[in-house]
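In terms of this note's numbering, the sequence shown is residues 17 to 299.
Read the structure below first, then the notes.
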Amino acid sequence: MTAFKMSKYAPYRSVEEYLQLRPSYVLEGRSAENWVADAICQCFPDAAGGTLAECGAGPGPLWELLPRNLKILAIEPNRALWSPNYQSQVTYCEQDGFQFLVEHPGKVDVIAWMWALNYPLLAFFEEYEPHTRTVTRKDWIEGHHHCLDRLVQILKVRCQAKWVVLFFDDASVEQDFVTRVWKDVAPFPFQDRAHTRKILEMAFQYQASEFGGRVEKIHLQGIAEYGPLDVAVQKMMNFHLRGNFSDEEGVRQRATAFLSQFETSGDVQCPAGAYLYRFIPES
Ligand SMILES: C[S@@+](CC[C@H](N)C(=O)[O-])C[C@H]1O[C@@H](n2cnc3c(N)ncnc32)[C@H](O)[C@@H]1O
């Protein structure tokens with residue numbers, strides 16, 4: 017039986033640490049934040065305010081791009097990432113995003129997730145403690161079914177709200193590398209980030225066919241700006257490869273070799289991409 021040890025996601029200790037470890041994404045010539053902010057603004061056509069729940073908000077790189085009269089509920093379970101700015105516009109909630117959405121039906125107009133929905137979808141796996149539990153192929157497959165059921169349940173409860181979700185493009189050069197490293201560690205099905213994205217797509221499509229609504233999907237190509245090579249390796253190891261690798265040094269060397277291909281004038285700029293989804297329920 018194939019099994020491997022699963023680690024918890026990187027619990028960033030401060031806003032500064034998080035910002036140092038996060039690559040910046042430029043997609044089709046604009047920042048990822050700009051794309052998401054525009055998609056959110058389109059959901060509030062009269063600019064007359066309303067309530068946005070941003071799940072997995074971190075320190076809120078989006079907010080300065082949003083209208084000031086929008087009320088923002090920032091759902092962020094890691095209190096170390098709460099930003100002291102934006103006090104009047106933003107209320108932080110220290111909760112799991114899914115739990116919040118289930119407990120507060122009807123409270124918000126738009127739900128947004130930027131680089132964050134894969135976390136609660138895979139929370140099932142994060143319950144496995146490194147060194148104490150292992151994940152088997154069977155666990156892995158059941159976990160993905162469980163994730164889909166969970167998301168469908170949430171959409172059902174929250175089918176009156178619009179959703180804006182930014183997800184990694186799993187076929188990009190950057191994510192292809194991440195997937196190859198993971199597959200070497202744990203050769204399971206559903207290993208790449210495509211599968212959490214497909215869970216989201218299936219849930220949206222099911223929701224639209226059962227209860228009405230439409231799904232919009234835009235593919236965005238671009239680059240991930242990683243900075244100087246030594247910083248880039250740190251970012252790759254922490255932001256994307258949060259593994260409990262038995263050969264940590266070997267993985268680091270692979271990351272260095274991979275990223276150095278994209279180093280020009282002292283900075284690493286790696287080809288990357290994203291999918292931007294909007295789910296508009298039937299009004
Ligand atoms: C990759 S970061 C993205 C942060 C921010 N949206 C950005 O673009 O910089 C993922 C965020 O999701 C948060 N997160 C992890 N598990 C979560 C959960 N179950 N519900 C909501 N957010 C979660 C993490 O604490 C982290 O802040």
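The beta carbon of each residue, even a glycine, is placed where N, CA and C say it ideally should be.
All values reported here derive from a predicted model rather than from experimental measurement.
> Is E241 near ligand 1, with its Cβ less than 7 angstroms from a heavy atom?
Replying inline: Position 225 of the sequence shown holds residue 241. E241: no, Cβ never under 7 angstroms from ligand 1.
>> Does the distance between the C-beta of E92 and the nearest non-hydrogen atom of ligand 1 fall short of 7 angstroms?
In response: Position 76 of the sequence shown, counted from the start, is the residue given in the question as residue 92. Yes, Cβ of E92 sits closer than 7 angstroms to a heavy atom of ligand 1.
> S276 and L245 look like a contact to me (Cβ under 8 angstroms); what is the Cβ gap, rounded to whole Å?
Replying inline: On the sequence shown, residue 276 is found 260 positions in, with the first residue counted as 1. On the sequence shown, residue 245 is found 229 positions in, with the first residue counted as 1. Confirmed, Cβ separation roughly 6 angstroms.
> Cβ atoms of F255 and R38: under 8 angstroms apart, would you say?
Replying inline: On the sequence shown, position 22 is the one that residue 38 refers to. On the sequence shown, position 239 is the one that residue 255 refers to. Yes, they are a contact pair.
> Is the beta carbon of A132 within less than 7 angstroms of some heavy atom of ligand 1?
Replying inline: Along the sequence shown, one-based indexing puts residue 132 at 116. Yes, the beta carbon of A132 sits closer than 7 angstroms to at least one heavy atom of ligand 1.
>> My assumption, with CB atoms under 8 angstroms, is that V52 sits in contact with A128. Please give the rounded CB distance.
In response: Reading the sequence shown from its first residue, position 36 is the one you call residue 52. Reading the sequence shown from its first residue, position 112 is the one you call residue 128. Sure, about 7 angstroms apart at Cβ, within 8 angstroms.
> Counting along the chain, where does the beta strand (DSSP E) carrying W51 start and finish?
Replying inline: Mapped onto the sequence shown, residue 51 falls at position 35. Taken as a continuous stretch (DSSP letters only), W51 belongs to no beta strand (DSSP E), being part of the alpha helix (DSSP H) at 48-58.
>> Give me the residue from I296, R153, E33 with the minimum Cα distance to P75.
In response: As a position in the sequence shown, residue 75 is number 59, starting the count at 1. The residue from I296, R153, E33 with its alpha-carbon nearest to that of P75 is E33.
> Is it right to say Q269 is buried, meaning 16 or more other beta carbons lie within 10 angstroms of its own, or is it exposed?
Replying inline: Start at 1 with the first residue of the sequence shown, and residue 269 comes out as number 253. Classification for Q269: exposed.
>> Checking 8 angstroms against the spacing of the C-beta atoms, do A69 and A290 come in under that value?
In response: Looking up residue 69 in the sequence shown gives position 53. Looking up residue 290 in the sequence shown gives position 274. For A69 and A290, no; Cβs fall outside 8 angstroms.
>> Assuming the contact rule is C-beta atoms closer than 8 angstroms, D283 and G243 should be a hit. Round their C-beta distance to whole Å, please.
In response: As a working note, residue 283 is residue 267 in the sequence shown. As a working note, residue 243 is residue 227 in the sequence shown. About 6 angstroms separates the two Cβ atoms, so the contact holds.
> Where does S40 sit, in a helix, a strand or coil, going by DSSP?
Replying inline: Here residue 40 refers to the residue found at position 24 when the sequence shown is read from its first residue. It is a strand residue.
> Can the beta-carbon of I170 be found closer than 8 angstroms to that of L117?
Replying inline: Taking the sequence shown and counting its residues from 1, the one referred to as residue 170 is at position 154. Taking the sequence shown and counting its residues from 1, the one referred to as residue 117 is at position 101. Taking 8 angstroms as the cut-off, the Cβ atoms of I170 and L117 count as close.
>> Please identify the residue among I215, I157, W79, A273 whose C-alpha is closest to the C-alpha of E190.
In response: Translated into the one-based positions of the sequence shown, residue 190 becomes position 174. Ranking the options by Cα distance to E190, first place goes to A273.
> When you compare each of E80, S299, E119 to I91 by their alpha carbons, which one comes out closest?
Replying inline: Counting from 1 along the sequence shown, the entry for residue 91 is found at position 75. Minimum Cα distance to I91 is reached at E119.
> Hey, would you say A132 sits closer than 8 angstroms to C71, going by beta carbons?
Replying inline: Taking the sequence shown and counting its residues from 1, one reaches residue 132 at position 116. Taking the sequence shown and counting its residues from 1, one reaches residue 71 at position 55. By the CB criterion at 8 angstroms, A132 and C71 fall inside the cutoff.
>> By the three-class DSSP mapping on this structure, what secondary structure does K123 have?
In response: One-based indexing of the sequence shown puts residue 123 at position 107. Note: K123 maps to coil in three-state DSSP.
> With DSSP run on the structure shown, which of helix, strand or coil describes G243?
Replying inline: Your numbering for residue 243 matches position 227 in the sequence shown. Strand, per DSSP.
> Sorry if obvious, but does the Cβ on L97 come closer than 7 angstroms to a heavy atom of ligand 1?
Replying inline: Your numbering for residue 97 matches position 81 in the sequence shown. Within the cutoff, so yes.
> Buried or exposed: P136, going by 16 or more other Cβ atoms within 10 Å of its Cβ?
Replying inline: Here the question's residue 136 lines up with position 120 in the sequence shown. Buried is the call here.
> Which ranges does the beta strand (DSSP E) cover as unbroken runs of at least 3 residues, wholly within the stretch 80-106, from first to last along the chain?
Replying inline: You should have 86-91.
>> Between the alpha carbons of F193 and K214, how many angstroms are there, rounded?
In response: Here the question's residue 193 lines up with position 177 in the sequence shown. Here the question's residue 214 lines up with position 198 in the sequence shown. About 19 angstroms.
> Skipping 5 residues on each side, what residues in its chain have a beta carbon closer than 7 angstroms to that of L81?
Replying inline: Taking the first residue of the sequence shown as position 1, residue 81 is located at position 65. So the list reads E49, N50, A53, once near-sequence residues are dropped.
> By how many angstroms is the C-alpha of P61 removed from the C-alpha of F184?
Replying inline: By 1-based counting over the sequence shown, the position of residue 184 is 168. By 1-based counting over the sequence shown, the position of residue 61 is 45. The C-alpha of P61 is placed about 27 angstroms away from the C-alpha of F184.
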